[in-house]
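K.L.:
Here it is, the structure, as structure tokens.
Number of protein chains: 2
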Amino acid sequence: MIQEIAQRYFAEIERTMREVVALAPDAPDLHVMLEYPLGWVDADNRPYDKPTGKRIRPMVVLMCTEAAGGDWHDALPAAAAVEILHNFTLIHDDIQDDSPTRHGRPTVWQVWGRPNAINTGDALFTLAYIALQRLETTSTPEVVLGAWRIFNDTMLELTRGQHLDMRFEQQTGVSVDEYISMIRGKTSALLSACAQIGALVGSGDADVARHYAEFGLNLGIAFQIHDDILGIWGDEAVTGKSAATDIVSKKKSLPVLYGLSQSAKLVKVYQRPAFTDADVHEAVALLDAVDARGHAARLENDYYQRALAALDAAQPQGAAGKMLRGLAAWLFQRAY
Amino acid sequence: MIQEIAQRYFAEIERTMREVVALAPDAPDLHVMLEYPLGWVDADNRPYDKPTGKRIRPMVVLMCTEAAGGDWHDALPAAAAVEILHNFTLIHDDIQDDSPTRHGRPTVWQVWGRPNAINTGDALFTLAYIALQRLETTSTPEVVLGAWRIFNDTMLELTRGQHLDMRFEQQTGVSVDEYISMIRGKTSALLSACAQIGALVGSGDADVARHYAEFGLNLGIAFQIHDDILGIWGDEAVTGKSAATDIVSKKKSLPVLYGLSQSAKLVKVYQRPAFTDADVHEAVALLDAVDARGHAARLENDYYQRALAALDAAQPQGAAGKMLRGLAAWLFQRAY
Chain A
1 MIQEIAQRYF AEIERTMREV VALAPDAPDL HVMLEYPLGW VDADNRPYDK PTGKRIRPMV
61 VLMCTEAAGG DWHDALPAAA AVEILHNFTL IHDDIQDDSP TRHGRPTVWQ VWGRPNAINT
121 GDALFTLAYI ALQRLETTST PEVVLGAWRI FNDTMLELTR GQHLDMRFEQ QTGVSVDEYI
181 SMIRGKTSAL LSACAQIGAL VGSGDADVAR HYAEFGLNLG IAFQIHDDIL GIWGDEAVTG
241 KSAATDIVSK KKSLPVLYGL SQSAKLVKVY QRPAFTDADV HEAVALLDAV DARGHAARLE
301 NDYYQRALAA LDAAQPQGAA GKMLRGLAAW LFQRAY
Chain B
337 MIQEIAQRYF AEIERTMREV VALAPDAPDL HVMLEYPLGW VDADNRPYDK PTGKRIRPMV
397 VLMCTEAAGG DWHDALPAAA AVEILHNFTL IHDDIQDDSP TRHGRPTVWQ VWGRPNAINT
457 GDALFTLAYI ALQRLETTST PEVVLGAWRI FNDTMLELTR GQHLDMRFEQ QTGVSVDEYI
517 SMIRGKTSAL LSACAQIGAL VGSGDADVAR HYAEFGLNLG IAFQIHDDIL GIWGDEAVTG
577 KSAATDIVSK KKSLPVLYGL SQSAKLVKVY QRPAFTDADV HEAVALLDAV DARGHAARLE
637 NDYYQRALAA LDAAQPQGAA GKMLRGLAAW LFQRAY
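Each protein sequence line maps, in turn, to chains A and B. Note that the numbering used here has the first sequence beginning at 1, numbered continuously upward. Note that the numbering used here has the second sequence beginning at 337, numbered continuously upward.
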């Protein structure tokens with residue numbers, strides 16, 4: 001299923017993204033910094049043949065355009081915009097979290113240092129807006145300005161989520177509700193925007209688009225919880241991240257928050273100033289003892305079901321509704 | 337003269353900026369991080385009564401709106417946008433340059449750490465776009481989309497300039513031409529955008545706006561050269577920056593580049609791995625010996641004259657042309 005979707009859209013998404021990134025000014029070593037995180041070159045500017053990321057967000061944009069009755073080609077500028085924006089946030093996240101690797105490669109700050117990585121992120125942020133504005137070639141000014149508004153509001157939500165995420169690292173006693181509020185901004189807002197902008201371009205109808213926004217929001221929350229499980233129990237070879245990264249960095253992800261609320265022993269372990277390998281193993285064992293993984297998986301499923309209900313309410317047209325369900329199902333089949 | 341201009345616009349610029357920043361989501365400590373760099377609160381969220389910065393860029397927007405025949409109130413959203421954008425760039429710059437102080441206060445990263453400062457910058461970047469989109473309340477969709485395009489292109493230029501600026505720190509033998517290309521992006525692009533967007537809102541005419549863009553571009557280059565002189569010979573009490581900051585950080589500013597091309601002794605001094613206070617004094621003395629300050633001042637004046645010529649070509653209307661000349665003159669009277 002996902003292969004079918006990928007085949008339909010992937011090449012056009014990449015082509016549009018490349019067109020936009022080519023608009024970046026010519027300056028020595030600037031383009032390699034922009035293209036490396038998108039997976040087009042290696043750090044020495046040689047072609048790189050393992051694409052980073054699955055381009056899920058732009059695919060959601062295009063599927064929602066079709067499902068809302070439009071021609072998916074019209075939304076390609078928005079599809080490129082959300083994927084470029086997503087990659088900008090990853091670059092800044094990796095600096096903020098001190099993450100050494102992403103998709104099995106050194107992060108941008110690891111290769112070029114933090115100052116360049118900050119600037120690379122800022123440039124991709126800008127290119128995302130440039131991509132989005134190219135909707136002018138396919139859509140009415142009202143739709144373009146509407147998409148811009150959604151994009152702006154989404155970026156505010158992303159920074160709110162990121163702010164809370166960093167704050168929670170320092171805070172004791174983060175509740176599950178606080179956590180959900182955080183990921184609503186940090187992850188779900190963008191997936192919600194993908195669905196909403198896609199449907200807006202497809203239908204020109206802001207009310208229809210709002211149903212898709214609700215679908216994307218719940219899918220995003222479920223997706224982040226899934227990612228949290230991968231961050232602890234994921235297979236390094238599959239995820240491209242170091243195993244138990246989120247434990248090493250003491251990230252307050254959902255399973256950890258649940259574990260801390262259930263296990264006094266785990267609270268004590270988390271009071272240690274820095275984790276050794278043994279601490280990491282002990283923490284994971286304590287999480288397993290309270291079935292933190294099962295708890296997270298159940299919550300993930302709740303939001304997944306809400307997403308599917310919102311999709312029903314959106315009344316997607318033709319085969320695209322099926323495709324959206326197929327994508328959602330596939331997202332939650334990823335190996336833990 | 338500048339007091340007159342300031343009195344006309346200042347309160348409305350501040351009011352519009354506050355309206356926009358108030359749209360940022362409610363999250364603990366997020367608003368203080370956003371308002372501190374704008375000079376509205378201190379680090380403990382208490383009202384702060386010494387405004388940071390002179391709001392020169394938004395004033396240029398509004399003056400150009402008037403000079404191009406419009407009502408300056410119509411351009412207030414754009415005025416707020418450029419000032420918020422400018423402050424975002426300062427926050428990221430200060431991280432990249434490791435600058436401890438700005439406007440006589442600790443920088444955002446000094447107060448809240450680099451990860452929060454990156455996010456604060458990203459949030460202000462977003463708020464700049466949100467401010468700009470509020471042009472919808474005063475202008476046609478064509479003008480709003482035109483302003484957005486200028487804003488996007490400007491941000492690309494800013495990241496190009498920042499990229500080159502950081503690169504030049506590591507590079508030996510930066511030419512004066514390379515340097516001018518860098519500040520064209522890093523500083524002048526934004527002032528050019530201020531003039532261009534202001535004139536676009538005022539006239540609705542993209543051709544008229546391009547003349548103003550040329551005025552702003554040359555004014556910006558002159559302004560940056562002026563700032564470079566201040567960065568070495570400025571009075572700490574006046575500039576709010578540490579004395580000789582740009583020497584301490586080995587910044588390749590125009591006077592230094594000129595000095596390096598004229599003094600083999602200075603080249604040797606700059607090969608030392610880190611500067612002591614004595615090194616800083618020696619470097620300044622060597623710059624004075626080749627009259628690097630006079631050279632920079634002459635180049636500054638060249639661009640200043642080009643800016644005035646471009647302003648003539650723009651044929652500003654009414655008293656606003658006079659005001660623009662007055663502002664330009666005032667900018668270059670700042671104490672070195």
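Glycine included, C-beta positions come from ideal geometry on N, C-alpha and C. It should be emphasised that the depicted structure is a prediction, and the values quoted were computed from it without experimental measurement.
Give the C-beta separation of Leu421(B) and Ala464(B) to the nearest angstrom, bearing in mind that I take them to be a contact with Cβ-Cβ under 8 Å.
P.N.:
Mapped onto the second sequence, residue 421(B) falls at position 85. Mapped onto the second sequence, residue 464(B) falls at position 128. Sure, about 4 Å apart at Cβ, within 8 Å.
K.L.:
Quick one: give me the first and last residue of the alpha helix (DSSP H) that Trp109(A) is part of.
P.N.:
For the purposes of this step, residue 109(A) is identified with residue 109 of the first sequence, where counting begins at 1. First-last of the alpha helix (DSSP H) with Trp109(A): Val108 to Trp112.
K.L.:
Can you check which of these residues, Gly113(A), Ile56(A) and Arg210(A), is closest to Phe10(A) by C-alpha distance?
P.N.:
If you number the first sequence from 1, residue 10(A) lands on position 10. Comparing Cα positions, the closest option is Ile56(A).
K.L.:
So, are the CB atoms of Ile5(A) and Met59(A) less than 9 Å apart?
P.N.:
Position 5 of the first sequence, counted from the start, is the residue given in the question as residue 5(A). Position 59 of the first sequence, counted from the start, is the residue given in the question as residue 59(A). A contact, by the Cβ cut-off of 9 Å.
K.L.:
Per the DSSP calculation, Pro383(B) is bridged to which residue(s)?
P.N.:
Locating residue 383(B) in the second sequence gives position 47, counting from the first residue. Paired residues: Val377(B).
K.L.:
Would Ala512(B) be called buried (16 or more neighbouring beta carbons within 10 Å of its own) or exposed?
P.N.:
Residue 512(B) sits at position 176 when you count from the first residue of the second sequence. Here residue 512(B) is Val; the residue named in the question, Ala, does not match the sequence. Exposed: under 16 other Cβ atoms inside 10 Å.
K.L.:
Measure how close the beta-carbons of Ile486(B) and Glu419(B) come, nearest whole angstrom, since I'm counting them as under 8 Å.
P.N.:
Taking the first residue of the second sequence as 1, we reach residue 486(B) at position 150. Taking the first residue of the second sequence as 1, we reach residue 419(B) at position 83. About 16 Å separates the two Cβ atoms, so there is no contact after all.
K.L.:
Suppose only complete runs of 3+ residues qualify. What are the beta strand (DSSP E) ranges in the stretch 482–555 of chain B, listed by chain order?
P.N.:
Here no run is fully enclosed.
K.L.:
Rounded C-beta distance between Tyr594(B) and His631(B)? I'm assuming under 8 Å.
P.N.:
Taking the second sequence and counting its residues from 1, one reaches residue 594(B) at position 258. Taking the second sequence and counting its residues from 1, one reaches residue 631(B) at position 295. About 5 Å; that satisfies the 8 Å criterion.
K.L.:
Any residues in the stretch 123–138 of chain A with a beta carbon nearer than 8 Å to a beta carbon of chain B? Which ones, in chain order?
P.N.:
Against chain B - using a Cβ distance shorter than 8 Å - the residues of the stretch 123–138 of chain A are Ala123, Phe125, Thr126, Leu127, Tyr129, Ile130, Gln133 and Glu136.
K.L.:
Using a Cβ-Cβ distance cut-off of 9 Å, determine whether Gln432(B) contacts chain A.
P.N.:
Residue mapping note: residue 432(B) aligns to position 96 of the second sequence, counting from 1. With 9 Å as the cut-off, Gln432(B) counts as an interface residue toward chain A.
K.L.:
Check Thr474(B) in the structure and name its three-state DSSP category.
P.N.:
For the purposes of this step, residue 474(B) is identified with residue 138 of the second sequence, where counting begins at 1. Thr474(B): coil per DSSP, three-state reduction.
K.L.:
Which chain A residues sit within Cβ distance under 8 Å of Leu481(B)?
P.N.:
In the second sequence, the residue the question calls residue 481(B) occupies position 145. Neighbours of Leu481(B) on chain A, chain order: Gln133, Glu136, Pro141, Val144 and Leu145.
K.L.:
Within the chosen definition, does the stretch 204–216 of chain A reach the stretch 255–272 of chain A through at least 3 CB pairs nearer than 8 Å?
P.N.:
Touching, no, given that fewer than three Cβ pairs across the two stretches are closer than 8 Å.
K.L.:
My output table needs one value for Thr276(A): the three-state DSSP class, helix, strand or coil.
P.N.:
Within the first sequence, residue 276(A) is the residue found at index 276, counting from 1. Coil at Thr276(A), not helix or strand.
K.L.:
Would you grab the beta carbon distance between Ala264(A) and Ala123(A) for me? Rounded to a whole angstrom, and I think it's under 8 Å.
P.N.:
One-based indexing of the first sequence puts residue 264(A) at position 264. One-based indexing of the first sequence puts residue 123(A) at position 123. Contact flag wrong, Cβ pair sits at about 47 Å.
K.L.:
Would you check if the stretch 531–542 of chain B and the stretch 374–390 of chain B touch, i.e. whether three or more CB-CB distances between them fall below 8 Å?
P.N.:
No contact exists between the stretch 374–390 of chain B and the stretch 531–542 of chain B.
K.L.:
Output, in chain order, the set of chain A residues within a Cβ distance shorter than 7 Å of Ile454(B).
P.N.:
Here residue 454(B) is taken as the residue at index 118 of the second sequence, counted from 1. Chain A residues near Ile454(B): His92, Ile95, Gln96 and Ile118.
K.L.:
Short of 8 Å in beta carbon distance, which residues of its chain neighbour Phe168(A), apart from the five on each side in sequence? Order them along the chain.
P.N.:
Working through the first sequence from its first residue, we reach residue 168(A) at position 168. Contacts found: Val174, Glu178, Tyr179, Met182 and Lys252.
K.L.:
With H, G and I counted as helix, E and B as strand and the rest as coil, what does DSSP make of Thr388(B)?
P.N.:
For this step, residue 388(B) is matched to residue 52 along the second sequence. Note: Thr388(B) maps to coil in three-state DSSP.
K.L.:
So, is the C-beta of Pro361(B) closer than 9 Å to a C-beta in chain A?
P.N.:
Within the second sequence, numbered from 1, the residue matching residue 361(B) stands at position 25. Yes - at least one Cβ of chain A is within 9 Å of the one on Pro361(B).
K.L.:
Just mark Asp582(B) as buried or exposed, buried being the case when its beta carbon has 16 or more other beta carbons within 10 Å.
P.N.:
As a working note, residue 582(B) is residue 246 in the second sequence. With 16 or more other Cβ atoms within 10 Å, it is buried.
K.L.:
My understanding is that Thr425(B) touches Val444(B), with C-beta atoms under 8 Å, so please give their C-beta distance in whole angstroms.
P.N.:
The count along the second sequence starts at 1 and reaches residue 425(B) at position 89. The count along the second sequence starts at 1 and reaches residue 444(B) at position 108. Wrong, their Cβ atoms sit about 12 Å apart, outside the cutoff.
K.L.:
Evaluate the contact criterion for the stretch 410–417 of chain B versus the stretch 127–143 of chain A: three or more CB pairs, one atom per stretch, below 8 Å.
P.N.:
Segments in contact, no.
K.L.:
Indicate whether at least one CB of chain B lies closer than 9 Å to the CB of Arg160(A).
P.N.:
Numbered from its first residue, the first sequence carries residue 160(A) at position 160. Yes, because at least one Cβ of chain B sits closer than 9 Å to the Cβ of Arg160(A).
K.L.:
Count the other C-beta atoms from every protein chain shown that fall within 10 angstroms of the C-beta of Gln162(A), then say buried if there are 16 or more, exposed otherwise.
P.N.:
Stepping through the first sequence from its first residue, residue 162(A) is reached at position 162. By the neighbour-count rule (16 or more Cβ atoms within 10 Å), Gln162(A) is buried.
K.L.:
Excluding five sequence neighbours on each side, which residues of the same chain lie with their C-beta closer than 7 Å to the C-beta of Thr154(A)?
P.N.:
Here residue 154(A) corresponds to residue number 154 of the first sequence, with the count starting at 1. Cβ neighbours of Thr154(A) beyond the five flanking positions: Ala189, Leu190 and Ala193.
K.L.:
Tyr303(A): which of Pro316(A), Gly220(A), Gln170(A) and Ser139(A) sits nearest, CA to CA?
P.N.:
The residue labelled residue 303(A) in the question sits at position 303 within the first sequence. Considering only alpha carbons, the answer is Gly220(A).
K.L.:
With distances taken Cα to Cα, identify the nearest neighbour of Val397(B) among Thr474(B), Leu660(B), Gln446(B) and Ser475(B).
P.N.:
Stepping through the second sequence from its first residue, residue 397(B) is reached at position 61. Selected option, being the one with the closest Cα: Leu660(B).
K.L.:
Following the continuous alpha helix (DSSP H) through Val269(A), name the residue where it begins and the one where it ends.
P.N.:
Position 269 of the first sequence, counted from the start, is the residue given in the question as residue 269(A). Ala264 to Tyr270 is the extent of the alpha helix (DSSP H) around Val269(A).
K.L.:
So is His499(B) in contact with chain A if we call contact Cβ pairs under 9 Å?
P.N.:
Stepping through the second sequence from its first residue, residue 499(B) is reached at position 163. Chain A contact via Cβ: present.
K.L.:
Against Trp148(A), what residues of chain B qualify as contacts under a CB-to-CB distance less than 8 Å, listed in chain order?
P.N.:
Counting from 1 along the first sequence, the entry for residue 148(A) is found at position 148. By Cβ distance, chain B contributes Tyr465, Gln469 and Trp484.
K.L.:
State the start and end residues of the unbroken alpha helix (DSSP H) segment that holds Phe678(B).
P.N.:
This structure cannot speak to residue 678(B), because chain B is shown only from 337 to 672.
K.L.:
Quick one: give me the first and last residue of the alpha helix (DSSP H) that Ile627(B) is part of.
P.N.:
The sequence position of residue 627(B) within the second sequence is 291, counting from 1. Reading off the sequence shown, one finds Asp at residue 627(B), where the question assumed Ile. Asp627(B) -> no alpha helix (DSSP H), and no H or E assigned at all.
K.L.:
Cβ of Leu145(A) within 9 Å of Cβ of Leu481(B)?
P.N.:
On the first sequence, position 145 is the one that residue 145(A) refers to. On the second sequence, position 145 is the one that residue 481(B) refers to. Yes; because the gap between Cβ atoms is below 9 Å, this pair is in contact.
K.L.:
With a threshold of 16 other CB atoms inside 10 Å of the CB of Thr352(B), please say whether the residue is buried or exposed.
P.N.:
Counted from its first residue, the second sequence places residue 352(B) at position 16. Buried, by the Cβ-count rule.
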